[in-house]
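Per the numbering used here, the very first residue in the sequence shown carries number 1; after that it's consecutive.
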Amino acid sequence: MKRLFKILVCAIALFAFTNVAEAQQPEGKKLLLNIVRKVKPEHVTTLRDSFLKCRVETLKEEGCERYEIYQSCEDPTIFFIYEIWTTEEAHRQHNATPHVKIHSQECRGIYEPDFKGDFKRVFID
C-alpha cells in the first residue's frame with residue numbers, strides 16, 4: 001500500500017509540473033522579450049560583439065521586429081536585451097538558427113553566476 005501511495009504521489013507531481021502551460025499568445029498580439037544579463041568584466045566586449053553579429057542575421061528573419069542590446073550606464077557589465085517577435089513560433093524558429101547557436105557558443109561561460117538577472121515575456125499590441 002505504501003508503495004502504491006508513493007507511485008501515485010510521484011505520478012501526480014510529475015503530471016502537475018509537466019502540464020504547466022505558458023500563456024498562449026492572444027490573437028493580434030506580438031511577443032516582447034526583455035532580458036537582463038550580467039557578464040564577467042573581462043567579457044563585456046565578447047557579449048556585445050557576439051550579439052551584434054547575431055543581430056545582423058536575426059533582423060533578416062521573418063517575424064523579427066526588434067532585436068536590440070543596451071548596456072547599463074551605471075554598470076557596464078549589465079546588458080538589457082529587447083526583442084519583439086510577431087509570433088512565438090517565429091521566436092522558436094529563431095532559437096534554432098545557426099547564428100543563435102554560434103552566439104550561444106561564443107557566450108558560454110561569460111555570464112556572472114551570482115547575478116539573478118531577469119527574463120520577462122509580455123504580449124503587446
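Quick reminder that beta carbons are idealized off the backbone N, C-alpha and C, glycines included.
Query - Residues bridged to L31 [DSSP beta-bridge criterion] - result: One-based indexing of the sequence shown puts residue 31 at position 31. Per DSSP, W85 and F123.
Query raised in the report: Tell me, which residues are paired with E68 by DSSP?
Result: Along the sequence shown, read from residue 1 onward, the residue named residue 68 stands at position 68. Note: E68 sits in a beta bridge opposite Y82.
Report task. Taking only the alpha-carbon atoms, compute the straight-line gap between Q24 and I84 and give it to the nearest angstrom. Result -> Taking the first residue of the sequence shown as 1, we reach residue 24 at position 24. Taking the first residue of the sequence shown as 1, we reach residue 84 at position 84. When rounded, the distance between both Cα atoms is 16 Å.
Query raised in the report: D75 by DSSP, collapsed to three states: which one?
Result: Taking the sequence shown and counting its residues from 1, one reaches residue 75 at position 75. Three-state DSSP puts D75 in coil, outside helix and strand.
**Report entry** Cut-off 6 Å between Cβ atoms - residues of its own chain near E42, not counting five sequence neighbours on either side
**Finding:** As a position in the sequence shown, residue 42 is number 42, starting the count at 1. Closer than 6 Å at Cβ, skipping near neighbours: no residue.
Query raised in the report: Can you name, in chain order, every residue of its own chain whose Cβ lies under 7 Å from the Cβ of R55, other than the five neighbours on each side?
Result: Your numbering for residue 55 matches position 55 in the sequence shown. Result list for R55: Y67, in chain order.
Query raised in the report: What is the residue span of the alpha helix (DSSP H) that K53 lies within?
Result: As a first step, residue 53 is located in the sequence shown; it is residue number 53 there, counting from the start. Following the DSSP letters along the chain, one finds K53 inside the alpha helix (DSSP H) bounded by residues V44 to T58.
Report task. Alpha carbon to alpha carbon, how far is T58 from Y111? Give it in angstroms, no decimals. Result -> Translated into the one-based positions of the sequence shown, residue 111 becomes position 111. Translated into the one-based positions of the sequence shown, residue 58 becomes position 58. When rounded, the distance between both Cα atoms is 22 Å.
Query raised in the report: In three-state DSSP terms, what is R108?
Result: Locating residue 108 in the sequence shown gives position 108, where the first residue counts as 1. Coil, per DSSP.
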